[in-house]
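K.L.:
If you count the sequence shown from 1, position 169 lands on 169 in the UniProt record's numbering, and the numbers rise without skipping. Beta carbons are placed, not taken as given, at the ideal position from N, Cα and C, and that holds for glycine. The structure follows.
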Amino acid sequence: MDLHGIDLNLLVAFDALMCERNVTRAGVRIGRTQPAMSAALSRLRLLLKDELFVRSVAGLQPTPRAVELAGPLGEALASIRSTLDFTQAFDPSRAVMRFTLALSEHPAFKVLPALQQRLAQQAPGVTLRIKAYTAREDALALLDAGEADAAISVPASKTPRIPTMPLFEENFVCIARKNHPLTKRKMTLDAFLAYRHLLVSPEGDGVGLVDTQLAKLGRKRDVAIMLPQFYAAPSIIANSDLLATMMTGVIKTSGLRDSLALLSLPGEIALTPVPFVLHWHRRNDAHPAQRWLREQVALVCKAREKT
């Protein structure tokens, strides 16, 4: 394709449409009217010889061709923005912009309240949008597509295009209700398996770290309930005879610590701590505002670990 005469604004409009999936919101995102965005979409369709976006009850849905273009064009635009903005000092107190952070359930509960408080104090003009995801690879997909500026997750597949920064670690513990019969016994593997269990499986595969360890021993636990949400678990455990293996940070953040007994896991299935890291795309690596955001996340996590 001859690039001579291509309007860069069309690519900006495409990127906004890809992120918002709505003509009006895309226009607001880049400061253009709804008719102007509709006209830009018409020109894009003609230029690229593809429908690009089709209407559905959920909003504009990208065609396969649009999905194929989204990553490369997003990276190209981000590179241009980074090049133009690199020498500009970032003043958070005067900034008026939006960051998008991808979070799974636990980081959302643990990090987001303190992060929002910090941003409100230092950057009152900054808006924070949260993108939810379930599988760790989904976080990388959001970064690749330019739909998130950064993501907090357990480590995902290593790739040069996605730098990472360690944030915190979570230890695992067995939890039971206060005065559970197991609190009066020595924790052994047989005692652990004598009771029914609650399994948190965010990805819905029905296999937790404990189950993987048990399988190595030729053992299996009796799972009474499986659910995708970590923070629903403590309340269920506090009001039943079920056991659950949870990250200690979930118990602390849940507000139900006084209603639960924390028990060490049997030595045969002791679990190593799980790390949580900050991911971002390499195209945002040098951007002053993006660096500032990552610094705030790191500082919040560091302060949180000291409490």
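1) Among the residues of its own chain, which have a CB less than 8 angstroms from the CB of residue 308, if the five just before and after it don't count?
2) Under 8 angstroms, do ALA39 and LEU52 count as touching if we go by C-beta distance?
3) Under a Cβ-count criterion, where at least 16 other Cβ atoms within 10 Å of its own Cβ denotes burial, should MET246 be classed as buried or exposed?
4) Any idea what DSSP makes of SER240, helix, strand or coil?
5) Looking only at its chain, what residues have a beta carbon closer than 6 angstroms to the beta carbon of VAL223, apart from the 5 residues adjacent to it on each side?
6) Can you tell me whether DSSP reads VAL57 as helix, strand or coil?
7) So for ARG257, helix, strand or coil by DSSP?
8) Just mark MET18 as buried or exposed, buried being the case when its beta carbon has 16 or more other beta carbons within 10 Å.
9) Between ILE80 and GLY59, what straight-line distance do the alpha-carbon atoms span, to the nearest angstrom?
10) Nearest to LEU214 by alpha carbon, out of ILE225, PRO202, PHE192 and ASP149?
11) Cutting at 6 angstroms between CB atoms, please list the residues of its own chain near PHE99, excluding the five before and the five after it.
12) Taking C-alpha atoms, which residue in ARG282, LYS158 and SER235 lies nearest to ALA145?
13) To the nearest angstrom, report how far apart SER235 and HIS106 are at their CA atoms.
14) According to DSSP, simplified to helix, strand and coil, what is PRO113?
15) According to DSSP, is LEU167 part of a helix, a strand, or is it coil?
16) Just to confirm the assignment, what range does the alpha helix (DSSP H) spanning ILE6 have?
17) By Cβ distance below 7 angstroms, which residues in the same chain neighbour GLN296 in space, the five residues on each side in sequence not counted?
18) Given a cut-off of 8 angstroms, decide if ALA238 and ARG177 are closer than it, judged by their beta-carbon atoms.
19) Please state the DSSP three-state secondary structure of ALA194.
20) So, for GLY74: in the same chain, excluding its five sequence neighbours on each side, which residues have a beta-carbon less than 7 angstroms away from its beta-carbon?
P.N.:
Working from what's here:
1) As shown, the chain starts at 1 and ends at 307. That puts residue 308 outside it, with no answer to give.
2) no
3) Buried: at least 16 other Cβ atoms inside 10 Å.
4) If DSSP states are grouped into helix, strand and coil, SER240 belongs with coil.
5) Contacts found: HIS197 and LEU199.
6) coil
7) Looking at ARG257 - three-state DSSP - the assignment turns out to be helix.
8) Its Cβ being crowded by 16 or more others within 10 Å, MET18 is buried.
9) 29 angstroms
10) The shortest C-alpha separation from LEU214 is found at PHE192.
11) LEU128, ASP149 and LEU293
12) ARG282
13) 16 angstroms
14) helix
15) strand
16) If you look at ILE6, you'll find it isn't in any alpha helix (DSSP H); DSSP assigns it neither H nor E.
17) LEU115, ARG118 and LEU119
18) yes
19) coil
20) ASP15, ALA145 and GLY146
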